[in-house]
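Everything on this sheet refers to the single structure shown next.
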Amino acid sequence: MTLLQAILLGALQGATEFIPVSSSGHLVLLPWLLNWPEPGLAFDAIVHWGTVLAVLAVFWRDLGRLFQAGLKSLRTRSLADPEARIAWWIVIGTIPAAVIGYLFQDFFKALFATPVAAAIFLLITGLILSISERLGTRTREAEEMSWLDALWVGLAQAAAIAPGISRSGATIAAGLLLGVKRAAAARFSFLLVVPAILGAGILSLLDLADAGGLAGQWPQLVAGFLTAAISGYLCIRFLLNYLRRGRLYVFAVYVWLFGAASLIVALVRG
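So for the sequence shown, this note's numbering puts the first residue at 81; every next one is plus one.
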C-alpha cells in the first residue's frame with residue numbers, strides 16, 4: 081500500500097464509520113474497484129484505534145459522566161439517574177454484536193472477501209435508512225429508552241458486522257423506529273460504538289501479533305491512524321449537527337448508487 085492509499089483509506093474509514101454509508105462496505109469495495117492491495121491486519125487495527133480517538137475527543141465528558149453514573153448505580157442499586165440508565169443500556173447494547181461476532185466470525189470473514197455481498201448489503205442499508213426515516217415518530221429522548229430498546233439497537237449493531245450494512249445507519253435507524261429523536265439516536269449510536277470499536281481494535285491487534293511484524297509499514301500506519309481520527313472527529317461533529325434537522329434520505333440515495341454501480345462492475349468483470 082502506498083502512502084497516498086493509506087491516507088485515503090484512513091480518511092474513508094474515519095468518515096464512513098460515523099456517516100451512515102458503511103465503512104466496511106467501502107473498505108471492501110474501494111480497493112477491489114481500484115485494484116488496490118488489501119490493507120491488511122495492521123492497517124485495519126490502527127484505523128480502528130483512530131476512530132476510537134475521534135469518539136473520545138468528542139464524547140470524553142459524556143463518557144466520564146456515564147462511567148461515574150454506572151458505578152454509582154452499582155452502589156445504590158438504582159437506575160433513577162438517566163445517565164446511569166444510558167450507561168447500562170450501552171452495556172446491554174454491546175452484547176449482541178460480541179456474541180454473534182464470536183459465534184459466526186468465519187461466516188463474516190467470508191463475507192469480507194465477497195465484494196458482491198458488500199454491494200448487496202449497501203442496497204439493504206439504503207432501504208433501512210429510508211424506512212426508518214419514513215416510519216420513525218422521533219418523539220423520545222435516549223434517556224426514555226428501556227433495556228429492551230437498547231437490546232434492539234444492539235441487534236441492529238450486530239447485523240452491521242456484515243460488510244455493507246452501516247453500523248451507524250443500522251443503530252440510528254433502530255432508534256428512529258423506536259421513536260427516538262434523530263440527534264438523540266445518533267448520540268446513543270456513537271456512544272455505543274466505543275466498546276464495539278475497542279473490541280474490534282483489540283482483536284485486530286491480537287491477529288496482528290500472530291501474523292508477524294510491522295517492518296516498513298510505519299509511515300502508512302501513522303498516516304492511516306491520523307486521517308481516520310481527524311475525519312472521524314469532523315464527521316461526528318457534522319452528523320450530530322446535520323441530524324437536528326436533516327434527513328437520512330440523502331445517505332440512502334448515496335448507498336443505493338454506490339451499491340448498484342459496484343454490482344454493475346461485478347457483472348462487467350464477470
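Every residue, glycine too, gets a C-beta built ideally from N, C-alpha and C.
Since the structure is predicted, the reported quantities are computational estimates derived from the model, not experimental observations.
Integer Cβ distance of residue i from residue j, believed to fall under 8 angstroms
i	j	result
residue 250	residue 236	4 angstroms
residue 81	residue 123	7 angstroms
residue 254	residue 343	Not a contact, Cβ separation roughly 26 angstroms.
residue 323	residue 262	4 angstroms
residue 106	residue 277	Incorrect: roughly 16 angstroms between the Cβ atoms, too far for contact.
residue 312	residue 134	3 angstroms
Cβ-based burial, residue i [other Cβ within 10 Å; buried from 16]
i	result
residue 98	buried
residue 93	buried
residue 117	exposed
residue 229	buried
residue 141	exposed
residue 243	buried
C-alpha gap between residue i and residue j, whole angstroms
i	j	result
residue 91	residue 110	13 angstroms
residue 145	residue 163	7 angstroms
residue 273	residue 211	22 angstroms
residue 314	residue 114	26 angstroms
residue 329	residue 213	7 angstroms
residue 190	residue 267	31 angstroms
residue 202	residue 182	23 angstroms
residue 233	residue 153	22 angstroms
Assigned secondary structure, residue i (DSSP; H/G/I helix, E/B strand, else coil)
i	result
residue 101	coil
residue 214	helix
residue 220	strand
Element boundaries [alpha helix (DSSP H), containing residue i]
i	result
residue 174	162 to 183
residue 96	83 to 96
CB contact check: residue i to chain B, cutoff 8 angstroms
i	result
residue 99	No chain B is part of this structure, which consists of one protein chain only.
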